[in-house]
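Chains as they are written, first to last, in this note's numbering: chain A, -16 to 308; chain B, 475 to 1139; chain C, 23 to 171; chain D, 15 to 314.
Have a look at the structure below before the remarks.
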């Protein structure tokens, strides 16, 4: 085998979108392949866990791991890949911050299972079957399945992480830059997020249309209004999180006339994305009257789901306070 | 990311404050505990850290142990932060490398008898400070220039004295008075205790020199309606209400009053608290300053019907001083300092219904009697009842509306003495039997107790007891047609009925009804009772917590004339000290933008009420004007990308403090 | 669970001009109250970043108390209104995160209201004590059988 | 006010204070105010109870309140000053003191009654003054008063410590209402002094002495009668007049009315239905005045 840097891609609790990013490199993927050997990529190439186990420790130059950690198996794989890799990169929002799957932290395993295997309108499950860790197959050999955790974790809450590539999913450009940076040999400071450290407004095409003194009397949702394609979305009363969100995506959503939902996460100066954006947005409410303030803010449905859409497990509270300890 | 500033070598100093702290907090174990905290090089406990030897301790440790951070666990930073910053500075450190922990007001004093818990709390607080201070960074002191002009609000004796003091020192004074004349309460008094010199004789010369003084701009019938800015640089809006007479044109000849279509005065005259009458065009009292008449639109026919013959205007002739069209006039002034001398009001006698003021005509308030006794008063100095007869017996009730759960809890300080004064004067004018009803006789002042003894000799009766009620219920012939005061005489332990012809209620002093608005306007605080709060009850009695704003007279609490004048002088010199220093040090706790981090989202700009943050178009980033920033930190908390920061209250410092008190590793 | 009495830890963010002064004057007048609160002094309640509140809860506070000037009395004109706006939304977040209302309070306490400060702290500590310690995360136990209810 | 008021008579209005009840019902009828007597009411818990066993007193009074709540009405009119005070006090203390609340709740539970939510406990004087008003009274007057000026006497319990009925010091609503009815009053400074109360039954001479003070002052002020709003005061002032005259050797006899009697009379009520035949001391002049009924048009 060549002495090109060895790269691995793996997915944990994620939707596959991050894998798409790799695919979306299009012909550029050839440059990548030219530069590196892909030694492990279950979604595309037929490798098995044992192949990885067989590798000597640190054999992999860099592993891009996407997805949150929410099952025993994902935890094991995270540990395994950490051991085998020189660099472990949390790839994408789920792995960096917990992502959409992280919202499961508003419930616990039992609630999630019940919702999925009992209550979901699309569920037909008269026997009330639920996936079990151990399952005896026709009495003889027993099959084992990973078990779901009560609390979804980010990658760095599971193993040590070297770098982060943000986004849901990361844009091909961000990925490419990341790969190039790593190949360049000039490694950034450990723990760095491989994306710009200024908020999205910086690169937002609508930046200049935001009034200097913007206050908000009424929050609107995208389906409620005809969105002006030029004007600052926040100024249109839409809950755009761009001012709190790390740039680097080139405002794709905003260009598509949709407010930023914060998938690139906070800047390095902010500990908790949700709390910070909450602070900024609430400050803009145009009222000093307690009742009216309450009314205006009530127009923001599901604050946690909105402000912590991608970062609940990474937030100080991490999860909803468990009812039963 | 914001870093700790080199390796911290921290000195921790635990103050005993005599027994104030050491009596409750185990200072020894606290110091020992602190010694074990990361970064701490020296940890000591000492009797009085604020004393010179205490500060010297810091000084020598800095030299000896190369300390670069100082944590002092003692009283409230509002008291001594400056002391210890200076101490740090003296020992060659940046003053902002010193930090205080409040283990007295917030700990030992409020958890007495809970030694263990209080000590634990102290440890948490010290730990937090030790963690916090590692993130402190050197800061430049901020300075702002002081505008030499001063605003004095209130033209009573306090305002007058402060105004003259400063004007004589060459400062320009704007003296703003709400009433048509200056002079305040003192102008209404006849004589002053205990010396019995005539109030007018000592006050009116000062009043006239205020008017005459080149350095004083006197605005009567005027009110401060807006205040902006900060120490050294206040922008004040004053609204001058119309008096319907041009001050500059009126010569004070008073012929218009003569000429008024009302031949007789028939409207209650405010200056004589309703005992006398005046015309719609009038001058409050003969020595009023300015010597200018005014017209009361409430009672003037021209204003009510527009059909008056305007004989006043004729009388005024070519001077044409009278102007029915006059409107509010708004003045904007810049001043560096402000002295509030807004005074007091007396409690409304109706609030003490069992003394039947307003029910029985012969029940008077002390202020009414001052006017009756006054030679220039409605009765020309005759103390007579409303029916014109002289009272043969008079009862003076002390502490009405003072020291009372139902009105005001505090002692009004002057009532005992002015009641004695009134007793003396009434006796002198009428030879009546005078009874003083008191709870305690409070005469702490030069010559006060002596005056009390003088009255005892003069044969004024003193009955120690709180009067239960004033009634016209006559139990026998001797009480027929009299007002009976029912009182428990606590000296003879019996309930007595004292029939008198006249009752005088010694009304207590309380803050003006609109004191809260004034407080808001000038951004100062008041105590629960509503008097303005001084910065420190002992050490800064005329300063407020808002730099550049000072207090004089009864707006700060009840006091007599000598104390008021003394305080006014003190306020004046405090203000002048600021002015002459030319500039004043301000906290460098201002906000600043981390430029490379700012995305130019402009969230912060609308959050600043002082317009200290602007959007720099060429850079498309926000910028803070430190001179305008007051250091509240509201914008910092609101910056969505954490690109705004606040000196002395950096995120890291606060996070460390939080995790410190919680002992979170 | 050990039988020893649970002493709530309260982190209190006080503004320098009103509530911190109220706490000072409570001291000067020797009012006695429970020793469970730890004050973090800020110039204005407007400086309180919701991150501070969450951090306090996450790092072991059983309750968080915010004290500011009464509406209209802010030393910085309107910092406390910004606080009110932020806290209003923050309260909804905390509710969704299962943190009981009594654990988080915003109180307007002026420099004159030392006694209000005393009673507020006492009352809050009492209520939080009744709620018991705030346990944010439970230990992850992998069950033998995955339960569905 | 169509939904009307509950009415709590208490023992006095069924006994010594019959005239009060009769005149109250008549007056309210004349003003088309509905009064509905509380069903199964019991002792309010006043006087002896309150001084011997507070707990029992509160429980008794709370039962009445609970019954009132059951009736569905939210206002209860209580003419007797003592009942009025105890009911108000109970409602107040139950709110304020948990231990009292617990005690009372327990006692009520034993008779299967819930603790009542606070309801409006009202005195007829204040009902007439606030719900009807001086103006409407004036407009309904049909008789002209021929008796002399009267002294309005409020006693101690109606205006203290609660003062919804009138100002605690120098109350004036009775005067205002009676003046509207064309009945002049004298300035009477003792209107809230003690009438002797239950002392007349315990330390008799003290009771009578206190009583004498009131009558003497009333006479001195030129009052021809006293008007009260409390059955105990009325009885005290009326019943012992002969004794008081002996004590002071002055003729202090005068009728002691309930304000409802005079108002009822001025509004055209039948004297007998106003219970004017029930006086003890000076029934004569009372009857005389009230029978000298000169019918006049409204708006005297």
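The beta-carbon is built from N, C-alpha and C at its ideal position, and this holds for glycine as well.
Check your understanding: In the structure shown, what three-state DSSP assignment does residue 475 of chain B receive?
Key -> Indexing the second chain from 1 puts residue 475 of chain B at position 1. Confidence at residue 475 of chain B is low in this model, with a pLDDT of 34, below 50, so the placement of that residue should be treated as unreliable; the coordinate-derived value is given next. Residue 475 of chain B falls in the coil class under three-state DSSP.
Practice item. Quick one: which unbroken alpha helix (DSSP H) runs of 4-plus residues sit fully inside the stretch 804 to 831 of chain B? Chain order, please. Key: none
Exercise for review: Check the C-beta distance from residue 302 of chain A over to residue 134 of chain A and give it rounded, since I have them as a contact under 8 Å.
Suggested key: For the purposes of this step, residue 302 of chain A is identified with residue 319 of the first chain, where counting begins at 1. For the purposes of this step, residue 134 of chain A is identified with residue 151 of the first chain, where counting begins at 1. Confirmed, about 5 Å.
Exercise for review: Starting from residue 910 of chain B, trace the alpha helix (DSSP H) both ways and give me its first and last residue.
Suggested key: Counting from one through the second chain, the residue named residue 910 of chain B turns up at place 436. Where residue 910 of chain B is concerned, there is no enclosing alpha helix (DSSP H), although the beta strand (DSSP E) it sits in stretches over 907 to 912.
Practice item. Using a Cβ-Cβ cut-off of less than 8 Å, give me the residues of the stretch 1073 to 1107 of chain B that come near chain A, in sequence order. Key: 1073, 1074, 1075, 1076, 1077, 1079, 1080, 1081, 1089 and 1094
Exercise for review: Give the secondary structure of residue 867 of chain B by DSSP, where H, G and I count as helix, E and B as strand, and everything else as coil.
Suggested key: Taking the first residue of the second chain as position 1, residue 867 of chain B is located at position 393. The answer is strand: DSSP assigns residue 867 of chain B an E or B state.
Practice item. Starting from the beta carbon of residue 948 of chain B, find every residue of chain D whose beta carbon is closer than 8 Å, and list them in chain order. Key: Along the second chain, one-based indexing puts residue 948 of chain B at 474. The contacting residues are 231 and 234.
Review point. Any beta-carbon of chain C closer than 8 Å to the one on residue 308 of chain A?
Key: As a working note, residue 308 of chain A is residue 325 in the first chain. Any answer about residue 308 of chain A is weak, because its pLDDT of 45 lies below 50 and its placement is not dependable; what the coordinates show is given next. Proximity of residue 308 of chain A to chain C, defined by a Cβ-Cβ separation below 8 Å, is satisfied.
Exercise for review: Pick out whichever of B/1052, B/528 and B/1011 has its Cα sitting closest to the Cα of residue 705 of chain B.
Suggested key: By one-based count along the second chain, residue 705 of chain B stands at place 231. Here the closest residue by C-alpha is B/1052.
Exercise for review: Measure the alpha-carbon distance for residue 85 of chain D versus residue 302 of chain D and round it to whole angstroms.
Suggested key: Within the fourth chain, residue 85 of chain D is the residue found at index 71, counting from 1. Within the fourth chain, residue 302 of chain D is the residue found at index 288, counting from 1. When rounded, the separation of the alpha-carbon atoms in residue 85 of chain D and residue 302 of chain D is 42 Å.
Check your understanding: By a C-beta neighbour count over all protein chains shown, 10 Å radius and 16 as the cutoff for buried, is residue 519 of chain B buried or exposed?
Key -> One-based indexing of the second chain puts residue 519 of chain B at position 45. By the 10 Å Cβ count, residue 519 of chain B comes out buried.
**Study point:** Residue interval of the beta strand (DSSP E) (run including residue 576 of chain B)
**Key:** In the second chain, counting from the first residue as 1, residue 576 of chain B sits at position 102. Following the DSSP letters along the chain, one finds residue 576 of chain B inside the beta strand (DSSP E) bounded by residues 572 to 576.
**Study point:** 6 Å CB neighbourhood of residue 143 of chain D in its chain, flanking five on each side removed
**Key:** Taking the fourth chain and counting its residues from 1, the one referred to as residue 143 of chain D is at position 129. So the qualifying residues of the chain are 187.
Review point. For residue 621 of chain B, does the count of other Cβ atoms within 10 angstroms reach 16, so buried, or fall short, so exposed?
Key: Your numbering for residue 621 of chain B matches position 147 in the second chain. Classification for residue 621 of chain B: buried.
Practice item. Measure the alpha-carbon distance for residue 168 of chain C versus residue 53 of chain A and round it to whole angstroms. Key: Taking the third chain and counting its residues from 1, the one referred to as residue 168 of chain C is at position 146. Taking the first chain and counting its residues from 1, the one referred to as residue 53 of chain A is at position 70. So the two alpha carbons sit approximately 14 Å from each other.
Review point. Which of the three DSSP states, helix, strand or coil, is assigned to residue 205 of chain A?
Key: By 1-based counting over the first chain, the position of residue 205 of chain A is 222. DSSP places residue 205 of chain A in helix when its eight states are reduced to three.
Check your understanding: Mind pulling the chain B residues with CB within less than 7 Å of residue 184 of chain A?
Key -> As a first step, residue 184 of chain A is located in the first chain; it is residue number 201 there, counting from the start. Residues of chain B passing the Cβ test: 1073, 1074 and 1075.
Exercise for review: Provide the residue span of the beta strand (DSSP E) that contains residue 136 of chain A, from first to last.
Suggested key: The count along the first chain starts at 1 and reaches residue 136 of chain A at position 153. Unbroken beta strand (DSSP E) run through residue 136 of chain A: 131 to 136.
Check your understanding: Which residue or residues does DSSP assign as beta-bridge partners of residue 693 of chain B?
Key -> Counting from 1 along the second chain, the entry for residue 693 of chain B is found at position 219. Partner(s): B/650.
**Study point:** Simplified DSSP assignment, three categories, for residue 124 of chain D
**Key:** As a working note, residue 124 of chain D is residue 110 in the fourth chain. Three-state DSSP puts residue 124 of chain D in a helix.
Review point. So with Cβ pairs under 8 Å, would you call residue 121 of chain C a contact of chain A?
Key: By one-based count along the third chain, residue 121 of chain C stands at place 99. Judged by the 8 Å Cβ criterion, residue 121 of chain C is in contact with chain A.
Practice item. Could you tell me whether the stretch 43 to 55 of chain D touches the stretch 67 to 85 of chain D, where touching means 3 or more Cβ pairs closer than 8 Å? Key: yes
Practice item. Compute the Euclidean distance between the alpha carbons of residue 1089 of chain B and residue 147 of chain A, then round it to the nearest angstrom. Key: Start at 1 with the first residue of the second chain, and residue 1089 of chain B comes out as number 615. Start at 1 with the first residue of the first chain, and residue 147 of chain A comes out as number 164. Going by the C-alpha atoms only, they are around 32 Å apart.
Exercise for review: Let me know if residue 490 of chain B comes out buried or exposed under the rule of 16 or more other beta-carbons within 10 Å of its beta-carbon.
Suggested key: Here residue 490 of chain B is taken as the residue at index 16 of the second chain, counted from 1. The residue is buried, with at least 16 neighbouring Cβ atoms inside 10 Å.
Practice item. Name the two residues that bound the continuous alpha helix (DSSP H) containing residue 65 of chain A. Key: By 1-based counting over the first chain, the position of residue 65 of chain A is 82. Run containing residue 65 of chain A: 55 to 67, per the alpha helix (DSSP H) assignment.
Check your understanding: Quick one: what's residue 1050 of chain B bridged to in DSSP?
Key -> The residue given as residue 1050 of chain B occupies position 576 in the second chain. Its beta-bridge partners do not exist; DSSP assigns none.
Exercise for review: Assign residue 145 of chain A to buried or exposed, taking buried as 16 or more other Cβ atoms, counted over all protein chains shown, within 10 Å of its Cβ.
Suggested key: As a first step, residue 145 of chain A must be located in the first chain, where it is residue number 162. Counting Cβ neighbours within 10 Å, residue 145 of chain A comes out buried, since at least 16 surround it.
Exercise for review: Would you mind giving the Cβ-Cβ distance between residue 229 of chain D and residue 255 of chain D, rounded to the nearest angstrom? I have them listed as a contact below 8 Å.
Suggested key: Your numbering for residue 229 of chain D matches position 215 in the fourth chain. Your numbering for residue 255 of chain D matches position 241 in the fourth chain. Between residue 255 of chain D and residue 229 of chain D the Cβ distance is about 7 Å, and since that is below 8 Å, they are a contact.
Practice item. Would you decide whether residue 477 of chain B is buried or exposed? Buried here means 16 or more other CB atoms lie within 10 Å of its CB. Key: For the purposes of this step, residue 477 of chain B is taken as residue 3 along the second chain, with counting starting at 1. At residue 477 of chain B, the pLDDT of 44 sits below 50, so the modelled position is not reliable; the number obtained from the coordinates is stated separately. Under this definition residue 477 of chain B is an exposed residue.
Point to revise | Where the alpha helix (DSSP H) through residue 548 of chain B begins and ends | key: Counting from one through the second chain, the residue named residue 548 of chain B turns up at place 74. Run containing residue 548 of chain B: none in the alpha helix (DSSP H); it sits in the beta strand (DSSP E), 543 to 548.
Review point. Got a sec, what are the start and stop residues for the alpha helix (DSSP H) residue 278 of chain D sits in?
Key: For the purposes of this step, residue 278 of chain D is taken as the residue at position 264 of the fourth chain. Note, residue 278 of chain D: alpha helix (DSSP H), 273 to 280.
Review point. What's the C-alpha gap between residue 20 of chain D and residue 147 of chain C?
Key: The count along the fourth chain starts at 1 and reaches residue 20 of chain D at position 6. The count along the third chain starts at 1 and reaches residue 147 of chain C at position 125. In a straight line, the C-alpha of residue 20 of chain D is about 45 Å away from that of residue 147 of chain C.
Exercise for review: Could you have a look at residue 141 of chain A and say whether DSSP puts it in helix, strand or coil?
Suggested key: In the first chain, counting from the first residue as 1, residue 141 of chain A sits at position 158. Correct three-state label for residue 141 of chain A: coil.
Exercise for review: Determine, using beta carbons only, whether residue 184 of chain D comes closer than 8 Å to chain B.
Suggested key: Here residue 184 of chain D corresponds to residue number 170 of the fourth chain, with the count starting at 1. Yes - at least one Cβ of chain B is within 8 Å of the one on residue 184 of chain D.
Exercise for review: Could you have a look at residue 872 of chain B and say whether DSSP puts it in helix, strand or coil?
Suggested key: Translated into the one-based positions of the second chain, residue 872 of chain B becomes position 398. Residue 872 of chain B: strand per DSSP, three-state reduction.
Review point. Looking at the C-beta of residue 298 of chain A, does it have a partner C-beta in chain B at a distance below 8 Å?
Key: Residue 298 of chain A sits at position 315 when you count from the first residue of the first chain. Taking Cβ atoms only, chain B never reaches closer than 8 Å to residue 298 of chain A, which makes this a no.
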